[in-house]
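A.B. asks: Sharing a structure here in structure tokens format.
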Amino acid sequence: MYVAVKGGEKAIDNAHALMRTQRRGDTAIAELSVDQIRQQLPLAVDRVMNEGSVYDPELAALALKQASGDAVEAIFLLRAYRTTLPRFGYSEPLDTEQMQIERRISGTFKDLPGGQILGSTYDYTHRLLDFSLLAAGEAEVAPEEANALSEALAAGNSCPRVLELLNREGLIEQSRESGQDDQVPRDLTREPVNYPAERAVRLQNLIRGDEGFLLSLSYASMRGYGDSHPFSGEMRTGRVSVELVPEELGFPIEVGEVLLTESEMVNQFHGSKDLPPQFTRGYGIAFGRAERKAMSVALVERALRAEELGEEVLYPTQDQEFVLSHTDCVSANGFVSHLKLPHYVDFQSELEMIRRLRKEQGARTESTTQKEADA
Amino acid sequence: MSVEQQQETPETCARQHWMGVLAKSSVAALQQRWQALSLEPEYQFIRKPETGLAMLRGRVGGSGQPFNMGEMTLTRCAVRLASGTLGVSYVSGRNSQHAVTAALADALLQERSTQSLLQRELIEPLQDELEAERQQRAAQANSTRVDFFTLVRGED
Chain X
1 MYVAVKGGEK
11 AIDNAHALMR
21 TQRRGDTAIA
31 ELSVDQIRQQ
41 LPLAVDRVMN
51 EGSVYDPELA
61 ALALKQASGD
71 AVEAIFLLRA
81 YRTTLPRFGY
91 SEPLDTEQMQ
101 IERRISGTFK
111 DLPGGQILGS
121 TYDYTHRLLD
131 FSLLAAGEAE
141 VAPEEANALS
151 EALAAGNSCP
161 RVLELLNREG
171 LIEQSRESGQ
181 DDQVPRDLTR
191 EPVNYPAERA
201 VRLQNLIRGD
211 EGFLLSLSYA
221 SMRGYGDSHP
231 FSGEMRTGRV
241 SVELVPEELG
251 FPIEVGEVLL
261 TESEMVNQFH
271 GSKDLPPQFT
281 RGYGIAFGRA
291 ERKAMSVALV
301 ERALRAEELG
311 EEVLYPTQDQ
321 EFVLSHTDCV
331 SANGFVSHLK
341 LPHYVDFQSE
351 LEMIRRLRKE
361 QGARTESTTQ
371 KEADA
Chain G
1001 MSVEQQQETP
1011 ETCARQHWMG
1021 VLAKSSVAAL
1031 QQRWQALSLE
1041 PEYQFIRKPE
1051 TGLAMLRGRV
1061 GGSGQPFNMG
1071 EMTLTRCAVR
1081 LASGTLGVSY
1091 VSGRNSQHAV
1101 TAALADALLQ
1111 ERSTQSLLQR
1121 ELIEPLQDEL
1131 EAERQQRAAQ
1141 ANSTRVDFFT
1151 LVRGED
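Protein sequences appear in the order of chains X and G. Numbers 1 to 375, taken from my numbering, label the letters of the first sequence in order. Numbers 1001 to 1156, taken from my numbering, label the letters of the second sequence in order.
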């Protein structure tokens, strides 16, 4: 129970003023602009967009600046802002096969049609601090090999999915039943999750879920708390065109492009009474360059399919209610943070109770000792 | 936006193309070329520029059933020229100017008198710029193309 407290307005104003001063830091050092954050801390921006669940790099950069770089606070700001905007509608399903690939790697096939493209990556770096960044150095320019352009890349042909290779042999499950029509997915920003949740809702929940939580759940499931140690079938990053059908036009138009990272995991499946042994899939996707997030989503997404595939649900990562109701960092932060609010009356009553119990216990002990002495 | 899609006519295809170019171009590039044209058409707003959200949908596994991925910001606008022609725009982001210019250009591109001028001076150069950026990204990606070799271990 919370009891309204009065007073403190002046102190709160001053505390906020102090926060703004600390956020600005030493005024002898140039102020960071939102554009600089957007350009030079893009991975932080991507995380805020993902968990804030709004693709808008400028807003995410602004939120990071306002939150002094605290990702969870910035995500909260973005979520709050989105509630002030009207919803114009839904996009057409994005066609990630038509992605302009900037990175594409597979842990299962070394010779992919279309090739492996490392793109920009921290993989293979030695994780040694680069002290040249301490001194203001010249920006390094990425090499270009205009002459060696792959025809597929240059012509903008679609880049087929690696897992389709296994599909030809029928060794992997299809991503949809043949001849099945599109179903309208439930939208958890409009209606709450009902359990058991369908795959589309689970995926929506995971994509806006806390990266750290999902990463740890994935780690646990790979270590043995959930039978999930898959292969990374394919991971790709690149731009995808966004199309929607405005009511007044009645035909689809492109409204822009988004940068996405997509991960497909291949898991072993020993088969059930209805299904032959085959590979199954876990799917993850995220805004921006967010591989850790996309992979974690794919791992947890697959673990949560345990029930529909007839696997035994033994571990927290396979438990829908446990996972889906605790992914959201805004909710989690809110509930933990609320402990900072005044609980004065609550605490007073518990204090009273402990005193009373101790007094009663003391009285009981006294009367027992008395009885023993009498005996 | 779950309306029946109209039949695709050549006019619709052309309009889809220029609307896509107008939406995907940067505001700076669009404004620069638009202002250089010094067109000052008479128009009124049917819908003043308005920013909102569109829910992006993906497909499970890339090709399966649709799911809701997350939202993006979007700005839309609609104008009517003195001739009665309607121009519409939907552009990603929150820039009102982008939406107004794109709607005006959409209207003028439907007018016989201005269509070829705008195609030549606005849409084609913007399309070229988009393509150049695409080529540059492709070249950068291609410089990181890799061949992995599996090493044979000395087991024989």
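Cβ atoms here follow ideal geometry from the backbone N, Cα and C, with glycine treated the same way.
Around the C-beta of residue 128 of chain X, are 16 or more other C-beta atoms found within 10 angstroms, so that it is buried, or is it exposed?
C.D. replies: exposed
A.B. asks: For residue 1128 of chain G, collect the residues of the same chain with a Cβ closer than 7 Å to its Cβ; drop the 5 residues on either side in sequence, then sort them by chain order.
C.D. replies: none
A.B. asks: What in chain X is Cβ-close to residue 1059 of chain G, meaning under 7 Å?
C.D. replies: 93
A.B. asks: Would you call residue 307 of chain X buried or exposed, if buried means 16 or more other Cβ atoms sit within 10 Å of its Cβ?
C.D. replies: exposed
A.B. asks: Using a Cβ cut-off of 7 Å (strictly closer), state whether residue 1027 of chain G contacts chain X.
C.D. replies: Chain X contact via Cβ: absent.
A.B. asks: Quick one: does residue 171 of chain X have its CB under 7 Å from some CB of chain G?
C.D. replies: no
A.B. asks: Looking at chain G, which residues of the segment 302 to 327 of chain X have a Cβ within less than 7 Å of any of its Cβ atoms?
C.D. replies: none
A.B. asks: So which residues of chain G does residue 96 of chain X contact, with C-beta pairs closer than 9 Å?
C.D. replies: Here the neighbours are 1058, 1059, 1062 and 1063.
A.B. asks: Got a sec: is the Cβ-Cβ distance from residue 12 of chain X to anything in chain G below 7 Å?
C.D. replies: no
A.B. asks: Please compile the residues from chain X whose C-beta is within a distance smaller than 8 Å of the C-beta of residue 1054 of chain G.
C.D. replies: Here the neighbours are 87, 88, 89, 90, 91, 242, 244 and 255.
A.B. asks: At 4 residues or longer, what runs of the alpha helix (DSSP H) sit wholly inside the segment 1010 to 1047 of chain G?
C.D. replies: 1010 to 1024 and 1027 to 1037
A.B. asks: Given a threshold of 16 other Cβ atoms within 10 Å of its Cβ, counted over all protein chains shown, does residue 94 of chain X qualify as buried or as exposed?
C.D. replies: Residue environment: residue 94 of chain X is assigned as buried (16 or more neighbouring CB atoms within 10 Å of its CB, all protein chains considered).
A.B. asks: Note down, in chain order, each residue of its chain lying with its Cβ closer than 7 Å to the Cβ of residue 46 of chain X, except the 5 sequence neighbours on either side.
C.D. replies: 287, 288, 289 and 290
A.B. asks: Would you give the residue range spanned by the beta strand (DSSP E) that residue 402 of chain X belongs to?
C.D. replies: No answer is possible for residue 402 of chain X: it lies beyond the span of chain X, which begins at 1 and ends at 375.
A.B. asks: Is residue 1142 of chain G helix, strand or coil by DSSP?
C.D. replies: helix
A.B. asks: In the DSSP assignment, what residue or residues form a beta bridge with residue 234 of chain X?
C.D. replies: Bridge partners of residue 234 of chain X: X:264.
A.B. asks: Take residue 1018 of chain G and list the residues in its own chain whose beta-carbon comes closer than 6 Å to its own, dropping the five residues that flank it on each side.
C.D. replies: Excluding residues within five positions, the ones whose Cβ falls inside 6 Å are 1109 and 1123.
A.B. asks: If I measure Cβ to Cβ from residue 310 of chain X and keep anything under 6 Å in the same chain, skipping five residues before and after, which residues do I get?
C.D. replies: The residues are 272.
A.B. asks: Taking 7 Å as the limit between beta carbons, can you name the residues of its chain near residue 1088 of chain G, skipping five residues before and five after?
C.D. replies: 1078, 1103 and 1106
A.B. asks: As an exercise, report each continuous beta strand (DSSP E) stretch of at least 3 residues that is fully enclosed by the segment 61 to 140 of chain X, in chain order.
C.D. replies: 87 to 93 and 100 to 105
A.B. asks: Which stretch, first to last residue, makes up the beta strand (DSSP E) that contains residue 280 of chain X?
C.D. replies: 278 to 287
A.B. asks: Could you tell me whether the Cβ of residue 1146 of chain G comes closer than 7 Å to any Cβ of chain X?
C.D. replies: For residue 1146 of chain G, the answer is yes, since a Cβ of chain X falls inside 7 Å of its Cβ.
A.B. asks: Taking 8 Å as the cut-off, does the segment 233 to 247 of chain X touch the segment 311 to 319 of chain X (at least 3 CB pairs, one atom from each stretch)?
C.D. replies: no
A.B. asks: When Cβ atoms are compared, which residues of the segment 1062 to 1081 of chain G fall closer than 9 Å to chain X?
C.D. replies: 1062, 1063, 1064, 1065, 1066, 1067, 1068, 1069, 1070, 1071, 1072, 1073, 1074, 1076 and 1078
A.B. asks: Can you tell me the Cα-Cα spacing of residue 1094 of chain G and residue 1074 of chain G, whole angstroms?
C.D. replies: Answer to the nearest angstrom: the Cα atoms are 6 Å apart.
A.B. asks: Just the Cα atoms here: how many angstroms apart are residue 1044 of chain G and residue 1100 of chain G?
C.D. replies: Rounded to whole angstroms, the gap between the alpha carbons of residue 1044 of chain G and residue 1100 of chain G is 11 Å.
A.B. asks: Does DSSP put residue 1093 of chain G in a helix, in a strand, or in coil?
C.D. replies: Residue 1093 of chain G carries a coil assignment under DSSP once its states are collapsed to helix, strand and coil.
A.B. asks: When we look at the beta-carbon of residue 1098 of chain G and count the other beta-carbons within 10 Å, is it buried (16 or more) or exposed?
C.D. replies: buried
A.B. asks: Kindly confirm or deny that the segment 1032 to 1039 of chain G and the segment 22 to 37 of chain X touch, where touching means at least three C-beta pairs closer than 8 Å.
C.D. replies: no
A.B. asks: Flag this pair as yes or no: are the beta carbons of residue 175 of chain X and residue 1064 of chain G separated by less than 7 Å?
C.D. replies: yes
A.B. asks: Please give the ranges of any alpha helix (DSSP H) in the segment 155 to 222 of chain X, keeping only runs that are unbroken, at least 4 residues long and fully inside the region.
C.D. replies: 163 to 169 and 199 to 207
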